[in-house]
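Shown next, in structure tokens, is the structure this report addresses.
There are 4 protein chains.
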Amino acid sequence: MSRNKTRSDIIEAAVELFNTKGYAGTSVRDISKKANVNVANISYYFKGKQGLLEECLTSFFEMYLTNLEKEVFLLETTSPHECLKRAIRNILTFQRENHLLTRFVWREVTIDSQIVREIISSYLVKERYFFKSIIEKGVQEGAFVNLPISLVIIQLKSMLSMPFLNSQYLREVWQVFPHEKYFIDKYMVLIERWIDETLSTPTTAINMDKKGVI
Amino acid sequence: MSRNKTRSDIIEAAVELFNTKGYAGTSVRDISKKANVNVANISYYFKGKQGLLEECLTSFFEMYLTNLEKEVFLLETTSPHECLKRAIRNILTFQRENHLLTRFVWREVTIDSQIVREIISSYLVKERYFFKSIIEKGVQEGAFVNLPISLVIIQLKSMLSMPFLNSQYLREVWQVFPHEKYFIDKYMVLIERWIDETLSTPTTAINMDKKGVI
Amino acid sequence: MSRNKTRSDIIEAAVELFNTKGYAGTSVRDISKKANVNVANISYYFKGKQGLLEECLTSFFEMYLTNLEKEVFLLETTSPHECLKRAIRNILTFQRENHLLTRFVWREVTIDSQIVREIISSYLVKERYFFKSIIEKGVQEGAFVNLPISLVIIQLKSMLSMPFLNSQYLREVWQVFPHEKYFIDKYMVLIERWIDETLSTPTTAINMDKKGVI
Amino acid sequence: MSRNKTRSDIIEAAVELFNTKGYAGTSVRDISKKANVNVANISYYFKGKQGLLEECLTSFFEMYLTNLEKEVFLLETTSPHECLKRAIRNILTFQRENHLLTRFVWREVTIDSQIVREIISSYLVKERYFFKSIIEKGVQEGAFVNLPISLVIIQLKSMLSMPFLNSQYLREVWQVFPHEKYFIDKYMVLIERWIDETLSTPTTAINMDKKGVI
DNA sequence: TATGAATGAGGCTTCATTCAT
DNA sequence: CATGAATGAAGCCTCATTCAT
Chain A
1 MSRNKTRSDI IEAAVELFNT KGYAGTSVRD ISKKANVNVA NISYYFKGKQ
51 GLLEECLTSF FEMYLTNLEK EVFLLETTSP HECLKRAIRN ILTFQRENHL
101 LTRFVWREVT IDSQIVREII SSYLVKERYF FKSIIEKGVQ EGAFVNLPIS
151 LVIIQLKSML SMPFLNSQYL REVWQVFPHE KYFIDKYMVL IERWIDETLS
201 TPTTAINMDK KGVI
Chain B
1 MSRNKTRSDI IEAAVELFNT KGYAGTSVRD ISKKANVNVA NISYYFKGKQ
51 GLLEECLTSF FEMYLTNLEK EVFLLETTSP HECLKRAIRN ILTFQRENHL
101 LTRFVWREVT IDSQIVREII SSYLVKERYF FKSIIEKGVQ EGAFVNLPIS
151 LVIIQLKSML SMPFLNSQYL REVWQVFPHE KYFIDKYMVL IERWIDETLS
201 TPTTAINMDK KGVI
Chain C
1 MSRNKTRSDI IEAAVELFNT KGYAGTSVRD ISKKANVNVA NISYYFKGKQ
51 GLLEECLTSF FEMYLTNLEK EVFLLETTSP HECLKRAIRN ILTFQRENHL
101 LTRFVWREVT IDSQIVREII SSYLVKERYF FKSIIEKGVQ EGAFVNLPIS
151 LVIIQLKSML SMPFLNSQYL REVWQVFPHE KYFIDKYMVL IERWIDETLS
201 TPTTAINMDK KGVI
Chain D
1 MSRNKTRSDI IEAAVELFNT KGYAGTSVRD ISKKANVNVA NISYYFKGKQ
51 GLLEECLTSF FEMYLTNLEK EVFLLETTSP HECLKRAIRN ILTFQRENHL
101 LTRFVWREVT IDSQIVREII SSYLVKERYF FKSIIEKGVQ EGAFVNLPIS
151 LVIIQLKSML SMPFLNSQYL REVWQVFPHE KYFIDKYMVL IERWIDETLS
201 TPTTAINMDK KGVI
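Below, the structure is given as structure tokens:
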């Protein structure tokens, strides 16, 4: 991504440590030591510890939203049902590839830290808008049942973040960690069932099922 | 609770700040300032910041497990189905009364902090044992369907902590915060539906339904 | 000495700890814990940590000087040679019985701590005066050789404190610790040899020798 | 010595204060103030107050033992009598040049502080070995009388440290402080007399005397 | 006489950052 | 670009002491 090695080493180390010890619990010295880099470089590249945090959060959400947005663009030509499933798969794949960062971001979001709120609130608005677009289209077309939009989004978001926040439980249930190969396939089954059984109208679900069978 | 005012003032302030800014992000000075108390008292009463953390975690889990355990004791005379619902209501009530502490504890648990792990791991073992006792009894008696025990426990735990970790979303959906009056009644409906529809065998659910109707 | 148990327990604990860890390195809490006594008692009985130090130093020097003074009083009726030896034996005996305190005092004296200097300087003047009295009388009577008085006193003092400051070496040489039974007899031999061979005029030494033989 | 000014300023200030007020009685703020340096530098350069202590002790013993060792190496080509005298002169010269550090080290050694013991015990073993080598060679060659080795070493060590521990007395006797110019010459007379009269066999002493005369 | 609570000062250390090189 | 030195602020903790009981 960034062509500079020192810079990317810092980010990598930071993600790992933020994830393990939390933002406040990690010192820039820890990071610089883990990255095999001089401390001053952190201030040089990111204008301080907070800048490094912003970089992490920003880059996460940029990628996260891109994965969501590109499916919204296809709404005109694809069914909302299909769109939603593909968006979810995109996001899970992206999160699997960045599982440490993912875990850190979704956890830190639950802290009411002013700093974090300021950085990410606009992203959350966008996220909500994208999900809403897909779901409302589906409702209009009669594909999705008319549930309160907030409830649906919450359940969705919860399902998307859960495996990363509670990875230890995943292992117990499926003998799979979210960063491992088959995680997505296994988890998608669960989510698709939710979409088909809870979110979709009977007709849609059956049609989809047929397609899947054929 | 404890008859000493200074001591309980410290705990109250700590819970509030730990909740808002995280353990690592909170300084003892912050706490002492909020509690209107001399800093040294924190070391005096809790042997340091970490001792204060331990006090919070320990007292949470003691109460939490008590609420669970007392229903397990009744397993011999009450149906597992009834037991489970009452245990859940107990826990929700307790958590509602201590919603800040609850939120803090379940969040901090997701950090792999060695300190936290050491303190609470034995509590988690107990928790698991209690839930398992209820559920397995139910399965034996044919009241519950035979799902993987880990999966059931995870879903249960997730439902128990969710409202406190994502309180802002609750408001969106139900115009209710978890610390408000009717929260429990509203939320219990959702959980009971899950118990009846997903966890219970058809017969049990129907019987229960009848009772409820009558 | 002091009829109060709490008070004497404090002193005993203090002497032990001051000896092991030094005055500055010992906290009043350490002392109160070792004495099984409430911390506030130290301030109550001694008006603070420094007062406790003064008590230790004062009581040491009072006893130390008494042992020296009572032989000086006998100078009129006894030979200086005899006086000196008896004074030394007195002091060694007293120091042996209070070897921890002794070690602490002579060590702390080597620190230029203002506090200590203020407390003990007058005692040191007295001490010097007493030694001087004995030695000068001996010189006048022709029993002692006319060495510089300061030199003699230094050597004397050095011999009197050495076994307590370097107790570990004593064990190596004589298999004896200064607080053990036969220490004084063994050590007196060494000192008496120094008095007879270095300090005394030939005549005196020989006479003394005869007496000893007879 | 070390090319870094801040670092050496800290050491210099520390030695002075440790000497005056003892290790435990000196605060890092005192040191940093005296050295005109920011407090954090002490941790930066020495990893804390204890690290600074170790640095002082270690550097003292390294130099001290070097001065001793280089004479032991010459044992094959020089007489033990000569060796011993030269070793002593070396050590006294070194100690004179670092009289504050010397006084501090030999005093702090008398405290049974675990920290100090751990750092220096191996140095003391070496020191003993070196002295032993010289003296035993002398005994084998018939130059030194066969006294218990421990006794000789203790007396030696006592003579080597005494002027620095009791510098105030030195002034009284010789109008000389150990850090002043002629101290070594004056004091060496005393020590050489002890070597010739007490430690050496008659023959050796006489021969040495002759040489000295010639 | 003895105690536990409470305090303000000061202890040592770590923090994030800046700056000259 | 990268570094090591240096700093001031803030971190947590212990200190000796006081006070009401």
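As they're listed, the protein sequences go chains A, B, C and D. According to the UniProt record's numbering, the first sequence holds residues 1 to 214 in order. According to the UniProt record's numbering, the second sequence holds residues 1 to 214 in order. According to the UniProt record's numbering, the third sequence holds residues 1 to 214 in order. According to the UniProt record's numbering, the fourth sequence holds residues 1 to 214 in order. For glycine and all other residues, C-beta sits at the position ideal for the given N, C-alpha and C.
Check, Outcome
"Under a CB-based cut-off of 8 Å, is Ile-163/A close to chain B?", "Strictly speaking, residue 163/A in this sequence is Pro, with Ile absent from that position. No, because no Cβ of chain B sits closer than 8 Å to the Cβ of Pro-163/A."
"Throw me the rounded Cβ distance for the Val-72/D and Ser-161/D pair, which I believe falls under 8 Å.", "With 8 Å as the limit, Val-72/D and Ser-161/D do not qualify as a contact, their Cβ atoms being about 20 Å apart."
"Roughly how many angstroms separate the alpha carbons of residue 222/B and Ile-119/B, rounded to a whole number?", "No statement about residue 222/B is possible, as the shown extent of chain B runs from 1 to 214 and does not include it."
"CB of Asn-146/A to nearest heavy atom of the ligand FAD: below 7 Å?", "In the structure on display, the ligand FAD does not appear, and there are no ligands present to speak of."
"Please confirm whether Ala-35/B has its beta-carbon closer than 8 Å to some beta-carbon of chain A.", "no"
"How about Gly-25/D: is its C-beta nearer than 8 Å to some C-beta of chain C?", "yes"
"Does the CB of Val-28/C have a neighbour CB from chain D at under 8 Å?", "no"
"Write down the C-beta distance between Cys-83/C and Leu-92/C rounded to the nearest angstrom, noting that I regard them as a contact closer than 8 Å.", "At roughly 15 Å, the Cβ-Cβ gap does not stay under 8 Å, so Cys-83/C and Leu-92/C are not in contact."
"Given Ile-31/D, which residues of its chain have a CB within under 7 Å of its CB, disregarding the five upstream and five downstream residues?", "Ile-10, Ala-13, Ala-14, Leu-17 and Ile-42"
"Assuming residue 219/A is part of the alpha helix (DSSP H), what are its boundary residues?", "There is no way to answer for residue 219/A, as the model of chain A reaches only from 1 to 214."
"Got a sec: which bits of the segment 121-151 of chain C sit with their beta carbon under 8 Å from any beta carbon on chain D, in order along the chain?", "Pro-148, Ser-150 and Leu-151"
"What's the C-alpha gap between Val-173/A and Asn-166/A?", "11 Å"
"Taking the beta carbon of Glu-55/C as the centre, do at least 16 other beta carbons fall within 10 Å, making it buried, or is it exposed?", "buried"
"Below 8 Å on C-beta distance, what does Ser-8/C contact in chain D?", "Near Ser-8/C there are no residues of chain D at all, since even the closest Cβ is about 24 Å away, more than 8 Å."
"In whole angstroms, give me the CA-to-CA distance for Glu-180/D and Thr-102/D.", "15 Å"
"Is the Cβ of Val-189/D closer than 8 Å to any Cβ of chain C?", "no"
"Which same chain residues, not among the five before or five after Leu-65/C, have their C-beta less than 8 Å away from its C-beta?", "Tyr-123, Lys-126, Glu-127 and Phe-130"
"Measuring CA to CA, which of Ser-8/B, Lys-21/B, Val-37/B and Asn-146/B is closest to Tyr-108/B?", "It should be pointed out that residue 108/B corresponds to Glu in this sequence rather than to Tyr. The option with the nearest alpha carbon to Glu-108/B is Lys-21/B."
"Using a Cβ cut-off of 8 Å (strictly closer), state whether Thr-198/C contacts chain D.", "no"
"For Asn-67/A, which of Val-105/A, Gln-95/A, Arg-171/A and Gly-142/A has the nearest alpha-carbon?", "Gln-95/A"
"Roughly how many angstroms lie between the CA atoms of Gln-50/A and Leu-57/A, to the nearest whole one?", "11 Å"
"Within a Cβ cutoff of 7 Å, which residues of the same chain sit near Ser-113/A, ignoring the five residues on either side of it in sequence?", "none"
"Following the continuous alpha helix (DSSP H) through Leu-199/D, name the residue where it begins and the one where it ends.", "No alpha helix (DSSP H) holds Leu-199/D; DSSP gives it neither H nor E."
"In chain order, which alpha helix (DSSP H) runs of at least 4 residues are fully inside the segment 144-195 of chain C?", "149-165, 167-174 and 183-194"
"Whose C-beta lies closer than 7 Å to the C-beta of Tyr-23/C among residues of the same chain, with five residues either side of it excluded?", "Leu-53 and Glu-108"
"For chain C, is any of its Cβ atoms less than 8 Å away from the one on Gly-51/D?", "no"
"Cβ of Ile-119/C less than 8 Å from any chain D Cβ?", "no"
"Leu-190/B and Phe-144/B look like a contact to me (Cβ under 8 Å); what is the Cβ gap, rounded to whole Å?", "Going by Cβ atoms, the distance from Leu-190/B to Phe-144/B rounds to 18 Å, so no, they are not a contact pair."
"Would Pro-163/B pass as a contact of Pro-178/B if the rule is Cβ separation under 8 Å?", "yes"
"What residue range does the alpha helix (DSSP H) around Gly-48/A cover?", "Looking at the DSSP string, Gly-48/A is not in any alpha helix (DSSP H), and its letter there is neither H nor E."
"Taking all protein chains shown into account, decide if Ala-40/A is buried (16 or more other Cβ within 10 angstroms of its Cβ) or exposed.", "exposed"
"Quick one: complete alpha helix (DSSP H) runs, 4+ long, within the segment 44-84 of chain C?", "49-72"
"If you follow the alpha helix (DSSP H) that Ile-31/A is in, where does it begin and where does it stop?", "28-34"
"Can you confirm whether Ile-195/C, when its beta carbon is compared against all beta carbons of chain D, has any partner nearer than 8 Å?", "no"
"Applying the 10 Å Cβ sphere with the 16-neighbour rule, what's the burial state of Gly-48/A?", "exposed"
"Look at the Cβ atom of Lys-157/A, then the Cβ atom of Pro-80/A, and state whether they are nearer than 8 Å.", "no"
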